[in-house]
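The next block holds one structure in the form of structure tokens; read it before the comments.
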Ligand code: SAH
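Numbering (my numbering), first residue to last: 12 to 380.
Printed below as a string of structure tokens:
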């Protein structure tokens, strides 16, 4: 027998697409819910283990479909409990996924692209260049892998991932359809059942895509601001030249309408010593944010080898926060987690183009096991 057509991967299909798939092969649509539960609730990838499907259907599915996630090539656990997976996606690139346990929460930071075209001046992912968009299966596959790892460790079947942030490698709004499919799976009952408040998409501000998002998804939104004016933001986030702060805020307002009145946008602000962390920047930020219902998350810059930037001192971070708080804002400082395994914000580099130098340690670690 010769090899037939490539198998359809069911991993990245939200319920509507899986139902359509079952109808297209002459089966009842309720099969979709059964299969989705096996995949996402129980981590099953072999149709033969799906015991509530008849034998003939199991065989049929094995012939034409598959459940295939990305392959884990390295796994690290930090002193502080943060876990990181380097997963290989089709085409040879790898991306990173980070799980951050905190009290009774566990937040998974998920990547959406292999590399990134935005090239923000302070982000290591951008320095890797861009390879390609991840498929929906590769995006939800990261949740699938982490979820199985955590469940195994605890020896229980409860869902240990409580929150997901699309803050890993890449700009999620530049991989729109696949990100939306994956987020639907995160939120659907037959997937991971995570509530809309606990799924956050972070964007550098792709305005038209943000408007499109409003039509299809009500989730939590974070914007990467990093500067209180266009002149400085143009230097840090080049995308600002295309979509300046005013336009970005207008799009945020339009998004807030779907989020309902209780909700706010998270403004991310990476503090880089001497660049955007002075008291006058904080005071300017206070003014600029007046119009936007928001809370501010300050991220002390995480250094990496290709950058000359320095992290702001503790005093500078605190002083910046104090100015925001005095003006009535909620302003938190994101604690640096997992930096001993390069899992902190902006340290996620995966293995996009340069496969030999900076990332060789992952490969070594994977080989040594
Ligand atoms: N492209 C999306 C999501 C990825 S980055 C976005 O821009 O929002 C997630 C967050 O980490 C962003 O706010 C990003 O600006 C920030 N970040 C990137 N590099 C960093 C670094 N070296 N130190 C601290 N924060 C960084």
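Note that CB positions come from ideal geometry on N, CA and C, so glycine has one too.
Rounded separation between residue i and residue j - CA only
i           : j           : result
residue 314 : residue 322 : 7 Å
residue 340 : residue 75  : 54 Å
residue 147 : residue 191 : 8 Å
residue 382 : residue 155 : Nothing about residue 382 can be reported from this structure: the residues present for the chain run from 12 to 380 only.
residue 288 : residue 205 : 35 Å
residue 281 : residue 207 : 25 Å
residue 276 : residue 101 : 34 Å
residue 316 : residue 133 : 11 Å
residue 197 : residue 203 : 5 Å
residue 81  : residue 28  : 20 Å
residue 98  : residue 304 : 37 Å
residue 237 : residue 85  : 31 Å
residue 45  : residue 73  : 15 Å
residue 300 : residue 50  : 43 Å
residue 126 : residue 104 : 9 Å
residue 223 : residue 66  : 42 Å
residue 218 : residue 83  : 34 Å
residue 88  : residue 35  : 43 Å
residue 274 : residue 266 : 10 Å
residue 176 : residue 117 : 11 Å
residue 247 : residue 142 : 22 Å
Below-8 Å beta-carbon distance, residue i vs any chain D residue
i           : result
residue 318 : Going by chain labels, chain D is absent from the structure shown, which holds only one protein chain.
Sequence-distant residues of the same chain with beta carbon closer than 8 Å to residue i, five excluded per side
i           : result
residue 19  : 32, 75, 76, 77
residue 122 : 106, 107, 108, 145, 150, 153, 179, 180, 181, 359, 361
residue 324 : 284
residue 167 : Per-residue confidence for residue 167 stands at a pLDDT of 46, beneath the threshold of 50, marking its modelled position as unreliable; the derived number appears in the next sentence. Hits under 8 Å: none found.
residue 312 : 133, 281, 282, 283, 284, 320, 321, 322, 323, 357
Buried/exposed call for residue i, threshold 16 Cβ in 10 Å
i           : result
residue 17  : exposed
residue 25  : buried
residue 8   : Residue 8 lies beyond the residue range present for the chain, which begins at 12 and ends at 380; the question has no answer from this structure.
residue 264 : exposed
residue 231 : buried
residue 59  : exposed
residue 235 : buried
residue 216 : buried
residue 291 : exposed
residue 62  : exposed
residue 213 : buried
residue 346 : exposed
residue 15  : exposed
residue 279 : buried
Cβ shell of residue i (< 6 Å), same chain only, five flanking positions each side left out
i           : result
residue 42  : 33
residue 343 : 308
residue 220 : 184, 187
residue 71  : none
residue 160 : none
residue 327 : 288
residue 336 : 342
residue 170 : In this prediction, residue 170 has a pLDDT of 43, which is less than 50 and means its spatial position is unreliable; what the coordinates show is noted afterwards. Here the set comprises nothing.
residue 21  : 76, 78
Proximal residues to residue i (C-beta, below 7 Å), its chain only, five neighbours per side dropped
i           : result
residue 130 : 137, 249
residue 186 : 123, 124, 144, 145
residue 338 : 297
Where residue i sits in the DSSP three-state scheme
i           : result
residue 162 : helix
residue 290 : helix
residue 20  : strand
residue 174 : strand
residue 219 : helix
residue 117 : strand
residue 201 : coil
residue 29  : helix
residue 346 : coil
residue 124 : strand
residue 233 : strand
residue 69  : helix
residue 280 : strand
residue 308 : strand
residue 97  : strand
residue 112 : strand
residue 261 : helix
Any non-hydrogen atom of the ligand ZN within 7 Å of residue i CB
i           : result
residue 182 : Of the ligands this structure carries, namely the ligand SAH, none is the ligand ZN.
field: Touch test, the stretch 250-261 against the stretch 228-242, Cβ-Cβ under 8 Å, three pairs minimum
entry: yes
- request: Report yes or no: do three or more beta-carbon pairs, one from the stretch 134-145 and one from the stretch 85-94, lie closer than 8 Å?
  value: no
field: Given 8 Å, three or more beta-carbon pairs between the stretch 327-346 and the stretch 294-307
entry: yes
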